[in-house]
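Residue numbers (our numbering): 42 to 123.
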């Protein structure tokens, strides 16, 4: 996993995490509808870096390591503990 992500990629990881917490697993098309087509290269980069995974029916989710990283952040609803 590549831990070096841009601020834009981090914001996208947090957006996907918010969807997942709400019980919705967005597809790349859902993300493009919401954020614009320019999000697709960022999604691809996050997939390649190991932050996102593709589940059934093209649904995006966080990788286990990404889930742990996000859950440790207090500013996005995490506990601040690993």
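Don't be surprised by glycine CBs; every beta carbon is placed ideally from N, CA and C.
In chain order, what residues of the same chain lie with their CB nearer than 8 angstroms to the CB of residue 96, ignoring the 5 residues before and after it? Here residue 96 corresponds to residue number 55 of the chain shown, with the count starting at 1. The residues 66 and 102, in chain order, have a CB closer than 8 angstroms to that of residue 96 in the same chain once the five nearest residues on each side in sequence are set aside.
Residue 102 - partner residues in DSSP beta bridges: Taking the chain shown and counting its residues from 1, one reaches residue 102 at position 61. DSSP lists 94 as partners of residue 102.
For the alpha helix (DSSP H) that residue 52 lies in, which residues bound it at each end? Start at 1 with the first residue of the chain shown, and residue 52 comes out as number 11. Unbroken alpha helix (DSSP H) run through residue 52: 48-62.
Proximity of residue 104 and residue 50 at Cβ, strictly below 8 angstroms: If you number the chain shown from 1, residue 104 lands on position 63. If you number the chain shown from 1, residue 50 lands on position 9. Contact flag unset, no.
Coarse secondary structure for residue 81, derived from DSSP in three states: Taking the chain shown and counting its residues from 1, the one referred to as residue 81 is at position 40. In this structure, residue 81 counts as helix in the three-state DSSP scheme.
Enclosing alpha helix (DSSP H) for residue 70 [first to last residue]: The residue you call residue 70 lines up with position 29 of the chain shown. Run containing residue 70: 69-76, per the alpha helix (DSSP H) assignment.
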